[in-house]
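Residue numbers in the sequence shown follow the UniProt record's numbering, run continuously in steps of one, and reach 253 at the last position.
Note that beta-carbon positions come from the ideal geometry of N, C-alpha and C, so glycine has one too.
What follows is a single structure, written as C-alpha cells, with notes after it.
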Amino acid sequence: MCDPCVSVESLSLSDHYDSPPQRQPPESSEYDTDLEIIDSSKSFRGVTYQKRYLQACEMVGVVPASYFLRNVESDRMDMNHHGLGPNGARAIAIALVSNTFITHLSLKDNWIQDEGLADLAEMLRENNYIQELNLSNNQLQFRGSEVFCKMLLENVTLQVVKLSGNGFKDASAKHFSDALSVNFKLQELDLSHNAFCESGGVYLGQMLGGVAPVTLLLNSGAGSKKVVLLTVFVRVVHAVLEAWPQAVYGGMW
1 MCDPCVSVES LSLSDHYDSP PQRQPPESSE YDTDLEIIDS SKSFRGVTYQ
51 KRYLQACEMV GVVPASYFLR NVESDRMDMN HHGLGPNGAR AIAIALVSNT
101 FITHLSLKDN WIQDEGLADL AEMLRENNYI QELNLSNNQL QFRGSEVFCK
151 MLLENVTLQV VKLSGNGFKD ASAKHFSDAL SVNFKLQELD LSHNAFCESG
201 GVYLGQMLGG VAPVTLLLNS GAGSKKVVLL TVFVRVVHAV LEAWPQAVYG
251 GMW
C-alpha cells in the first residue's frame, strides 16, 4: 500500500539553502522524499510568493518558470505542457501551500507521476483557496489515485477536478468511490480517457448513487460504453428515488 511520507510542516524552506539536498527515488512501498530533512522550524514569513518559488526551485534543482512568477498572484495558473516532472511539481507545491490568490490550477500534461502528486496532495490538504484543478495526462496510475483520494478525504474546497488520461484502471475506481462517499464538496470529476471496465463501473456507479451530487465525466478507454451506460442508469434511479418522497407527499399518488 502507498503511504506518502510528506508532511505539511515540511513544505517550507530553511533560510540556508545554498546546497540543495538531492531528491532520492521513492521506495517501492512509500514516498520517502527529502521534504523531511528541511528545517520546518523556519517559515516563509515576510517572503513573497515569487521569492518562495525561486527558493523552492533552487532547492529541488529545477529552472524556474517565468510564467509562474508572472501569475502567482493571479486567480488562474495554467501551466499545461511545461515539462515540470515530479521535481517541478514539488517546487509548485511548496510555493502554493499558503497562496491565497490562485483558485484555478491547471498542470495538464507535465509528467508529474505519483511522486510529484504526493507533494501536490499535501499542499492541497492545507490550501483552502484552490477550487478547480486539472491534472490530466500526468501518468498518475494506481498509486496516484490512492494518493489523490486520500487528500480528497480532507480537502473541503475543490469543486472541479480533471484527471483524464492518467492510466487509472478498475482498482482506482474504488479509491474514488470511497473518497466521494465522504467528500460532498466536489461537484465535477473528469475521469475520461482512463481504462475502467465492468468492475470499475460498479464502483463508479456506487459513487453516483451516493449522497454527493457529483457529475462524473466518462467517454473513453477500455469498456467505456458499458461504464457510461451503468453510471447513467444509476443517476436516473437516484433522481427517481430523490423525487419519490416529494411525489408521495405532494399529492401525485
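Q) So what does DSSP say about Leu79, is it helix, strand or coil? A) The residue you asked about is not Leu; residue 79 is Met in the sequence shown. Under the three-state reduction of DSSP, Met79 is assigned to coil, being neither helix nor strand.
(Q) Along the chain, where does the beta strand (DSSP E) containing Asp190 start, and where does it finish? (A) If you look at Asp190, you'll find it in the beta strand (DSSP E) that goes 188–190.
Q: Starting from the N-terminal side, write out each stretch of the alpha helix (DSSP H) that is 4 residues or longer and does not extend beyond the region 155–202.
A: The region 155–202 contains, as complete alpha helix (DSSP H) runs of 4+ residues, the segments 170–180 (chain order).
Q.
Rounded to whole angstroms, what is the Cα-Cα separation between Lys162 and Ser136?
A. Distance from the CA of Lys162 to the CA of Ser136, rounded to the nearest whole angstrom, comes to 6 Å.
Q. Given that a residue counts as buried once 16 or more other Cβ atoms are within 10 Å of its Cβ, and exposed if not, what is Asp114?
A. Asp114 is classed as buried because its beta carbon has at least 16 other beta carbons within 10 Å across all chains shown.
Q. Gly61 to Asn87, Cα distance in whole Å?
A. Looking at the backbone, the Cα of Gly61 and that of Asn87 are separated by about 8 Å.
(Q) Tell me the DSSP secondary structure of Ser98 in three-state form. (A) Reduced to three states, the DSSP call for Ser98 is coil.
**Q.** Alpha-carbon spacing of Ile112 relative to Glu198, whole angstroms
**A.** Between the C-alpha atoms of Ile112 and Glu198 there is a straight-line separation of about 28 Å.
**Q.** Beta-carbon proximity of Ile92 to Asp75, cut-off 8 Å
**A.** It is not a contact, given that the beta carbons lie outside the stated cut-off.
**Q.** Inter-residue spacing [alpha-carbon to alpha-carbon] between Asn127 and Val97
**A.** Cα to Cα, the separation comes out at about 5 Å.
(Q) According to DSSP, simplified to helix, strand and coil, what is Asn71? (A) In the displayed model, Asn71 falls within a helix according to three-state DSSP.
Q: Label Glu80 either buried or exposed according to how many other C-beta atoms from any shown protein chain fall within 10 Å of its C-beta, with 16 as the threshold for buried.
A: Checking the displayed sequence, the identity of residue 80 turns out to be Asn instead of Glu. Counting the other Cβ atoms within 10 Å of the Cβ of Asn80 gives fewer than 16, which makes it exposed.
Q) Taking buried to mean at least 16 other C-beta atoms within 10 Å of its own C-beta, is Tyr49 buried or exposed? A) The residue in question, Tyr49, is buried, as its Cβ has 16 or more Cβ neighbours within 10 Å.
Q. Is it buried or exposed for residue 256, if we count other Cβ within 10 angstroms and need 16 for buried?
A. Here the chain comprises residues numbered 1 to 253, so residue 256 is not present and cannot be evaluated.
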